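Letter by letter, the sequence shown follows residues 1252 to 1433 of my numbering.
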Amino acid sequence: HRLTLRLPFDNKFWTIIPTLDHLTSLEVIETRENSQSELQLKNLLNRAPRLEFLCIDATLFLLLTQLNITHSSLRRLHLKHYRAKMNRYMNATQCSILTDSLIGRQCEVLRIRVENRAIVLDLVRTMHNLRALNCECQDDIWNNNSLLFSKDELIEWFRRVLPEKCSIRRQEPRLIQMWINR
């Protein structure tokens, strides 16, 4: 079962949906950053024992990591950027927080936007359970006009620096898809 939810939500939510035992996919849209949102999200995660996929604002996820949230079944993570005024790409420090977190260490599938390609290398090297990575790099110079050229500089660079076991392709004009065989 899937659920898309805006935070903070009305406390009547728990009377309407008292249990989340069968929830496998959760998308959280935070409309106002406050401690109530963080507490509600923590309670949601604690009540969803089968949760496999979490789509969440990257900034809210970073706040969650400070709470040492653990979730044994969570394996797929999509870090979005809902807040238009915030930086829309994660930097090296933020990604380090991700890779050091309990959820980051068990993550197998990740979708993320990062400032530069070196961060992608760090993610592949440090997230030992990662088998699929979908990423956008801010330093990617590819655009729709680049389709006329046979060389994709970023894809070629990744193929040079990542192990041969990695399969790399451009899925969309900005999205790079990687399959990682360990």
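We put the beta carbon where it would ideally sit given N, CA and C, even for glycine. Quick caveat, the model's predicted, so the values are computed rather than measured.
Once DSSP output is grouped into helix, strand and coil, what is the label at residue i?
i     : result
A1383 : strand
W1265 : helix
R1425 : coil
R1298 : coil
From this set, the options, which residue's C-alpha is nearest residue i's C-alpha?
i     : options                    : result
A1299 : V1375, H1252, Y1340, L1314 : H1252
L1290 : L1311, L1384, I1431, K1331 : L1311
L1426 : C1358, D1351, N1385, H1332 : N1385
Q1422 : D1403, R1326, S1352        : D1403
L1314 : E1281, R1356, D1390        : E1281
I1392 : E1407, D1272, V1279, S1347 : E1407
K1416 : N1367, F1409, I1431        : I1431
T1270 : D1390, I1419, N1297        : N1297
Using 8 Å for Cβ pairs, my map puts residue i next to residue j. What's the rounded Cβ distance?
i     : j     : result
F1304 : S1323 : With a Cβ gap of about 14 Å, F1304 and S1323 do not count as contacting.
L1274 : R1257 : Contact doesn't hold; Cβ gap of about 16 Å is too wide.
T1350 : L1374 : 7 Å
M1341 : V1360 : Actually they are not in contact, since the Cβ atoms of M1341 and V1360 sit about 17 Å apart, beyond 8 Å.
L1325 : Q1357 : 7 Å
C1388 : N1367 : 6 Å
Cβ-heavy atom distance between residue i and the ligand NAP below 8 Å?
i     : result
L1292 : Although the ligand NAP was asked about, the structure shown includes no ligands whatsoever.
Give me whichever residues DSSP pairs with residue i in a beta bridge.
i     : result
L1258 : E1281
I1431 : C1417
R1253 : S1276
Which ranges does the beta strand (DSSP E) cover as unbroken runs of at least 3 residues, wholly within the segment 1305 to 1381, from first to last along the chain? Taken in chain order, the complete beta strand (DSSP E) segments of 3 or more residues contained in the segment 1305 to 1381 are 1327 to 1331, 1360 to 1365.
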